[in-house]
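Under the numbering used here, the letters of the sequence shown match residues 1 to 222, in that order. To keep things clear, I will list the structure first and then write my remarks on it.
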Amino acid sequence: MAAATWITRVAKRTTFFRPKETKKLLHLGALPDALREFRLYSTVSEQAPKHEFQEKPRFPGAVNAHYTEKMDFVVPDDGQIIPVYRVMDLNGNVLNESHDPKLKKETVQDMYKKMILFNTMERILYEAQRQGRISFYMTNYGEEGTHFGSAAALLPEDVIFAQYREAGVLMSRGFTIDEYMSQCFSNRNDNRKGRQMPVHYGSKDLNFVTISSPLATQMPQG
């Protein structure tokens, strides 16, 4: 109900709200679309289903999308909104048991720790770039799960052609914090000898082809 409460406060500062009727929002048709999307309910009502406000994706560029548990091809020209695929709900429950890889607890914990470590490292490097300590940086915020989850399905000998927002794959294969830092700061310990822009990582030993700036240029090689 927090979302409805917040919108109530917003509406009180507009001409759409009648102070005497504090239990309901009136004239919702006059509210901006950004507010009307919340499927508003009375702030003292219990009409809203459980997780009403949480279960709808709220990603930038996909505010009107919906979740799906079915993996399928989508034709972008049909005009329909592309759904957001998921395996678990927001409480961590697997929605389709056939999609559960049945990983060991230790494996899941290790992946989660690496995701947190990678995210923490990113914040430090991003701030370093904003301070002018390194020339360039691109974050992977919110995409860590796709890195470590995808990498877990590959064998060490599988060659990876990645783009600059998939750097977490390297950490899953053993790329160290020192190696990330050396590449971004272009110091003498950088395995690319400082010849690449920051975040353009690569490792022959880990079968990870050096990242290039233009997207999709390595698709023919794959």
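Every residue gets a Cβ at the ideal spot worked out from N, C-alpha and C, and that includes glycine.
Straight-line gap, Ser213 to Val84 (C-alpha atoms, nearest Å): 27 Å
Cβ neighbour criterion (16 or more within 10 Å) applied to Leu125: buried
Per DSSP, the bridge partner or partners of Tyr126: Tyr126 pairs with nothing; no bridge assigned.
Any non-hydrogen atom of the ligand FAD within 7 Å of Tyr126 CB: Inclusion of the ligand FAD in the displayed structure is not the case, the ligand content being empty and no account of it being possible.
Own chain, CB closer than 8 Å to Arg133, minus 5 neighbours either side, in chain order: Phe185
DSSP state of Phe59 mapped onto helix, strand, coil: coil
Residues that DSSP places opposite Ser150 in a beta bridge: Its beta-bridge partners do not exist; DSSP assigns none.
Uninterrupted alpha helix (DSSP H) stretches inside the region 134-208 (no shorter than 4 residues): For the region 134-208, the continuous alpha helix (DSSP H) assignments of 4+ residues that do not extend past its boundaries occur at 144-152, 168-172 and 177-185, in sequence order.
Beta-carbon contacts of Thr210 that lie in its chain and below 8 Å, excluding the five residues immediately before and after: Within its own chain, the residues whose Cβ lies closer than 8 Å to the Cβ of Thr210, once the five positions on either side in sequence are excluded, are Arg192, Gln196, His200, Tyr201 and Gly202, listed in chain order.
Pair within 8 Å by beta-carbon distance, Phe208 and Arg173: yes
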